[in-house]
Amino acid sequence: MAQFPGTTLDPLVERARALWQDLAGAPVEFGRSAAGVVVSPASTQCPPSWCGIVVLDGAGIITVPTDEVAAHQAWPRRTAHPSVLTAPEHRGRGPAKTGASAAVAHALGAGLMPQWRARRASSRRVARSLGFREIGAQSSVRLGEDGGAAPATIRPGLPSRDR
319 MAQFPGTTLD PLVERARALW QDLAGAPVEF GRSAAGVVVS PASTQCPPSW
369 CGIVVLDGAG IITVPTDEVA AHQAWPRRTA HPSVLTAPEH RGRGPAKTGA
419 SAAVAHALGA GLMPQWRARR ASSRRVARSL GFREIGAQSS VRLGEDGGAA
469 PATIRPGLPS RDR
């Protein structure tokens, strides 16, 4: 197993990484600056058709079931919108940054310009940690069927909703 320059892996971490690499079902290495990503329909890291993200000692791997799965949506003008969802019990531990880093790397590799739209402060922190900077704001307003504004509270940066 490859080690990062200047690091010595704890034997337990090394063993855990080897296990998760085997479960990936295809060759993949744990990456520090961006997670190692592999397309592997045979992965047993998670249920079939799911993406698996594993972070151990600050390095991660991601398995996706098909090469049609991406962690970003292509937008007009060669732009990509990365999207990351993290279960509440795993927030603040690094999987969002690891997944987002892989999504951004994938978008850049496809020649797209990643654009991060973040409403939550936690999402903006992940974006900043990856080098994004805030250059504007976006609001959404729902119009009623007659073209007038529907009764709603309009809050900058958050979608409005009927109450």
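Residue numbers for the sequence shown follow this note's numbering, so the first one is 319 and each next one is one higher.
Think of the CB as a built atom: it goes at the ideal place given N, C-alpha and C, for glycine as much as any other residue.
Item	Value
What span of residues does the alpha helix (DSSP H) with A349 cover, start to end?	As written in the sequence, residue 349 is Gly, which differs from the Ala given in the question. Premise fails: G349 is in no alpha helix (DSSP H) and is neither H nor E.
State the Cα-Cα distance for the pair P345 and S447, rounded to the nearest angstrom.	28 Å
Comparing the C-beta of P400 with each C-beta of chain B, is any distance below 8 Å?	Reference to chain B is not applicable here, since this structure consists of a single protein chain.
Specify the secondary structure class of S447 as computed by DSSP and reduced to three states.	helix
What distance in whole Å lies between the Cβ atoms of T404 and L430, which are believed to be in contact at a cut-off of 8 Å?	Not quite, the Cβ-Cβ distance comes to about 23 Å (not below 8 Å), so this is no contact.
Out of curiosity, what's the CA-to-CA distance linking A392 and P413?	22 Å
What does a CB cutoff of less than 7 Å around E386 pick up in its chain, not counting 5 residues either side in sequence?	Legend: pLDDT at E386 = 43, less than 50; position of this residue unreliable, no value from coordinates given.
Going by DSSP, what residue range makes up the beta strand (DSSP E) through T362?	T362 -> no beta strand (DSSP E), and no H or E assigned at all.
Roughly how many angstroms separate the alpha carbons of R333 and E407, rounded to a whole number?	25 Å
Under 6 Å Cβ to Cβ from G449, same chain only, skipping five residues before and after it: list those, please.	none
In whole angstroms, give me the CA-to-CA distance for I371 and K415.	11 Å
State the start and end residues of the unbroken beta strand (DSSP E) segment that holds A377.	A377 to V382
Can you give me the Cβ contacts of L374 inside the same chain, cut-off strictly under 8 Å, excluding the 5 residues immediately before and after it?	V331, A334, R335, W338 and F348
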